[in-house]
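Take a look at the structure below.
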Amino acid sequence: MSKIKIPDPAGLYFAHLSDPHLTTLRGVRLCQLLNKRVLGYLSWRYKRRKEHRVEVLDALLRDLAQTHPEHIVVTGDLTHIGLPAEFQQARQWLDRLGSADRVTVIPGNHDAYIGTSWRSTFAQWEPYMVSDDNAGKAQKPVFPSLRIRNGVALIGLSSAAPSAPFFATGSLGSAQREKLSLLLQQTGEQGLFRIVLLHHPPRVQDEKWRKRLTDGDDLCDILGRAGAELVLHGHSHRPMESGIPWGERTIPVFGIPSASAIGHKPGRRAQYYLYKVLRETDCWSVRVSIRGYQMGSRDFALQHEHQLSVPVISSTSS
Ligand SMILES: [Fe+2]
Ligand SMILES: [Fe+2]
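In the numbering used here, the protein residues as written are 1 to 318.
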């Protein structure tokens, strides 16, 4: 990796949203619903389409036009059952969200519902997923991806892998984990603020067994050795806050609800988080602003704000 010059002041103002499940399956033909997709279609038909609402996503886009983050990260599950036509719909939505250099996408388990060809599915999202070095090139494997914006490293992982019916597990695999370990080490040495993006919660104990990240313990071991400044995820469709031990520190981990949820269940209504990361003299200050969908106004509004202080990595940190 080439030497990065850390800008002064370093930092990034960005939005994290997840699990928009923005596609419609209206008009899908029976012959497209082989294997697990039949179950996914029925779940959408009788349940999910009532929860994931286009009017909530429209309100989200309106709000983002007001809050105007420099960058947006989307942590997966843009589709319901990963059909090629859903990837097209999602690509159109991403183009509305922002240009590919301003929006970083990683996939979720619904996007890899069953095994399909890359070309008919994920290839359509490639400009939003690839590393800076690979912009304009179709280079695989895409993950882990690395995008660097003003002293902040966005490290994208893919935990999207087909699973058995009634399961929503994910896994990274050994090749991706090994590359991640190297990337964390390199970007740490460069003094960047490292944000790890993945769809599933990294800690196995934070999710039901049938929905867990199967190699979450291995991932936490890597993070515990190489460190990171922040980990962001989706998948659970609810706000979550935890931490991963890294030496004497704890890496903050935040999960968020679905960006399109009308909120039939308590605590599940749509939110997105805004992060303002700024390099101070001896730490990174991180302001977290949580914006949520309001049933009354049918708009997003600020719900809560808090401040984190993340120590700057020193040469003695392992
Ligand atoms: Fe989801
Ligand atoms: Fe998911």
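Each residue gets a CB set at the ideal place from its N, CA and C atoms; glycine is no exception. On a predicted model such as this, the values are computed, not experimentally measured, just so you know.
Reference residue i; option with closest CA among the options
i, options, result
"E70", "L274, P266, D299 and Q294", "L274"
"F300", "S131, D101 and R269", "R269"
"Q176", "Q205, R298 and P144", "P144"
"H264", "I244, W284 and R238", "R238"
"P9", "W93, R49 and R149", "R149"
"F167", "K36, G27 and R48", "K36"
"A65", "H80, R96, R45 and W44", "R96"
"R279", "I313, E305 and P266", "I313"
"D221", "V204, K211 and H235", "V204"
"D101", "L198, W125, V288 and T116", "W125"
"S289", "K276, T281, S236 and Q92", "K276"
"S284", "Q303, L302 and L308", "The question names Ser, but residue 284 is Trp in the sequence shown. Checking every option, the nearest Cα to that of W284 belongs to L308."
"P266", "Q32, E51 and L30", "E51"
"F343", "S43, R49 and G151", "What the structure shows of the chain is the stretch from 1 to 318, and residue 343 is not part of that stretch, so it cannot be assessed."
"I114", "L34, E55 and E241", "L34"
"I4", "R48, R53, T187 and T250", "T187"
"G320", "E241, L223, H235 and G234", "The structure shown does not extend to residue 320, since the chain spans only 1 to 318, so no value can be given for it."
"W118", "L83, L30, G216 and E207", "L83"
"I6", "Q32, L192, A160 and N134", "L192"
"S322", "F122, L219 and L302", "Nothing in the structure corresponds to residue 322, since the chain is present only between 1 and 318."
"T250", "R91, A123 and R225", "R225"
"G352", "S43, G11, S120 and G156", "Nothing in the structure corresponds to residue 352, since the chain is present only between 1 and 318."
Near ligand 1: residue i beta-carbon under 7 Å from a heavy atom
i, result
"H235", "yes"
"D19", "yes"
"H200", "no"
"D77", "yes"
"H110", "yes"
"S297", "no"
"S163", "no"
"S159", "no"
"S260", "no"
Chain C contact for residue i (CB, 8 Å cutoff)
i, result
"A175", "Absent from the structure is chain C; it holds one protein chain and no more."
Near ligand 2: residue i beta-carbon under 7 Å from a heavy atom
i, result
"N134", "no"
"H80", "no"
Whole-Å CB distance - residue i paired with residue j, under 8 Å assumed
i, j, result
"P165", "L39", "6 Å"
"R194", "A153", "5 Å"
"P202", "L184", "Rounded, the Cβ-Cβ distance is 13 Å, inconsistent with contact."
"G320", "Q271", "Residue 320 lies beyond the residue range present for the chain, which begins at 1 and ends at 318; the question has no answer from this structure."
"Y41", "V28", "7 Å"
"H110", "T67", "26 Å between Cβ atoms; not a contact."
heavy atom of ligand 4 below 7 Å from residue i C-beta
i, result
"A168", "Among the ligands present in this structure, namely ligand 1 and ligand 2, ligand 4 is not found."
Contact between the segment 72-90 and the segment 14-30 is defined here as three or more beta-carbon pairs at a separation below 8 Å; is this criterion met?
yes
Secondary structure, alpha helix (DSSP H): runs of 4+ residues fully inside the segment 64-116:
Within the segment 64-116, the complete alpha helix (DSSP H) runs of at least 4 residues are 84-97.
Assess, as a yes-or-no matter, whether the segment 230-237 is touched by the segment 253-263 under the definition of 3 or more beta carbon pairs within less than 8 Å.
yes
Taking 8 Å as the cut-off, does the segment 9-21 touch the segment 57-75 (at least 3 CB pairs, one atom from each stretch)?
yes
Three or more beta-carbon pairs under 8 Å between the segment 55-70 and the segment 284-297, yes or no?
yes
Which runs of the alpha helix (DSSP H), 4 residues or longer, sit entirely within the segment 126-166?
Counting only runs of 4 or more, we get 126-129.
Output the residue ranges of the beta strand (DSSP E) runs that lie fully inside the segment 9-33 and measure 3 residues or longer, sorted by chain position.
11-17
Which ranges would you report for the alpha helix (DSSP H) in the segment 157-213 if only whole runs of at least 4 residues count?
174-189
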